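**Student:**
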Amino acid sequence: MIRLALRPLGLRLGAAVVLAVSGLALPGCQSEAPPSAYVARVGDHYLTPSELDQRLDGLGSVRDSAAARAQVIDQWVRRTLLYREAERRNLASVDAVQRTLERQRRSVLVTALSDRLYEEATLRPTRSEVRTYFERHKEALRLREPHVRVRYLSAPRRADAQAARTALQDLPPTADSAWAEVLQAHAADSAQAQRLSQRPFPESRLRQKLPFFAEALGALQEGNTAPVVAAGEQFHVLRLDRRRAAGTAPELAWVAPQIRRRLRIRARKQIYANEVERLRSKAQASGVLDIP
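Sequential numbering of the sequence shown, starting at 1, is according to my numbering.
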């Protein structure tokens, strides 16, 4: 059965930063005694390094950039200034504001309960569940766009990239152990390259992930290796192992991630429905629920 693992989505910097600073704990910590370290202060509100890290965690691949850090801090300062002014004007006492705050409080608590239910449940589909779904929905799972499986690595030096490309040209598609040796010898990030080669991707998604190979990818035939490309202070190597056209009946490995997502969503919906029904029955039995 299923264990859910939620991962932050990759977002563009501007939108991601807005989300990173728009949580309930916007003003940061408030204390008479200042924290031992902080990255920004507005009055007695402090943004600590750990709180900054929490806000940056939602930014995906841009979280470590100086621009992201500066923008998150600036947004926190702006919103904390506005928060202090709202408090000075005692806006929390306004009836409409109180109603809004209560609605938000309810929404946050309901979401927290739902998350807790999902965390307590087993939300990881078994291989048997994935295969059963695959067999029952093969026609509906036909590929909606071309999919490709590639061998890719980046290297810090052109000589490493050229050596890896030469090795790839003679490497059989199923030679996983030999591929691992190539990665260990030449790849800047062997773990990332290994993950990228383990399953097929929609071709459009791979073009976004490796934009410097976007044009070459369309021209490659199965088994062909693209010329070494220099981009972002790295040298990149790519070989196309397999391509499947849109409309092709998929192999299980090609659609297994999609099936797992569907099964997790279905399980979450069922958990939610079961808990609502349990609470409804309990409320009716105790006389708490009344719908005239």
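Ideal Cβ placement from N, Cα and C applies to all residues, glycine included.
Being a predicted model, the structure only gives us computed values, none of them experimental.
Per DSSP, what kind of secondary structure is His186 in: helix, strand or coil?
**Tutor:** His186: helix per DSSP, three-state reduction.
**Student:** I'd like the ranges of any alpha helix (DSSP H) spanning at least 4 consecutive residues and lying wholly in the segment 211-269.
**Tutor:** Segments of the alpha helix (DSSP H) lying fully in the segment 211-269: 214-219.
**Student:** Per DSSP, what kind of secondary structure is Tyr152 in: helix, strand or coil?
**Tutor:** In the structure shown, Tyr152 sits in a strand (DSSP, three-state: E or B).
**Student:** Only counting the same chain, and skipping five residues up and downstream in sequence, which positions put a Cβ closer than 6 Å to that of Val229?
**Tutor:** Same-chain partners within the cutoff: Phe212, His236.
**Student:** Sort out for me which residues DSSP pairs Phe201 with in a bridge.
**Tutor:** Phe201 is bridged to Val148.
**Student:** Does the distance from the CB of Leu202 to the CB of Glu145 come in under 8 Å?
**Tutor:** Reading off the sequence shown, one finds Pro at residue 202, where the question assumed Leu. Yes, the Cβ-Cβ distance between Pro202 and Glu145 is below 8 Å.
**Student:** Compute the Euclidean distance between the alpha carbons of Ala121 and Ala273, then round it to the nearest angstrom.
**Tutor:** Taking the straight line joining both Cα atoms gives about 14 Å.
**Student:** Could you give the DSSP three-state label for Arg124: helix, strand or coil?
**Tutor:** Here Arg124 sits in coil by DSSP.
**Student:** Consult DSSP for Arg41 and reduce its assignment to one of helix, strand or coil.
**Tutor:** Strand.
**Student:** Contact defined as beta carbons within less than 8 Å: I believe Arg239 pairs with Arg151. What is the distance between those atoms, to the nearest angstrom?
**Tutor:** Between Arg151 and Arg239 the Cβ distance is about 5 Å, and since that is below 8 Å, they are a contact.
**Student:** Grab me the residues of Ala246's own chain with a C-beta within less than 7 Å of its C-beta, minus the 5 sequence neighbours each way, in chain order.
**Tutor:** Cβ neighbours of Ala246 beyond the five flanking positions: Leu143, Arg144, Glu145, Pro146.
**Student:** Return helix, strand or coil for Leu47, following the three-state DSSP convention.
**Tutor:** Looking at Leu47 - three-state DSSP - the assignment turns out to be strand.
**Student:** Roughly how many whole angstroms lie between the Cα atoms of Gln75 and Arg124?
**Tutor:** Each residue's Cα considered, the two are about 37 Å apart.
**Student:** Nearest-angstrom Cα distance between Thr80 and Leu210?
**Tutor:** Taking the straight line joining both Cα atoms gives about 39 Å.
**Student:** Candidates Arg149, Arg195, Ile265, Arg106: which alpha carbon is nearest Thr225's?
**Tutor:** Here the closest residue by C-alpha is Arg149.
**Student:** Nearest-angstrom Cα distance between Leu52 and Arg78?
**Tutor:** Straight-line Cα distance between these residues: approximately 15 Å.
**Student:** Using a 10 Å radius around the Cβ and a threshold of 16 neighbouring Cβ atoms, would you call Val110 buried or exposed?
**Tutor:** Per the 10 Å Cβ criterion, exposed.
**Student:** What do you get for Leu289, buried or exposed, if any count of 16 or more other CB atoms within 10 angstroms of its CB means buried?
**Tutor:** Result: exposed.
**Student:** Measuring alpha carbon to alpha carbon, tell me which of Ile265, Ala40, Tyr83 ends up nearest Gln71.
**Tutor:** Nearest of Ile265, Ala40, Tyr83 to Gln71, Cα basis: Ala40.
**Student:** Quick check: the segment 185-193 against the segment 158-167, are at least 3 beta-carbon pairs closer than 8 Å?
**Tutor:** In short, these stretches touch, since the Cβ pair count reaches three.
**Student:** Excluding five sequence neighbours on each side, which residues of the same chain lie with their C-beta closer than 7 Å to the C-beta of Arg84?
**Tutor:** The residues are Val42, Gly43.
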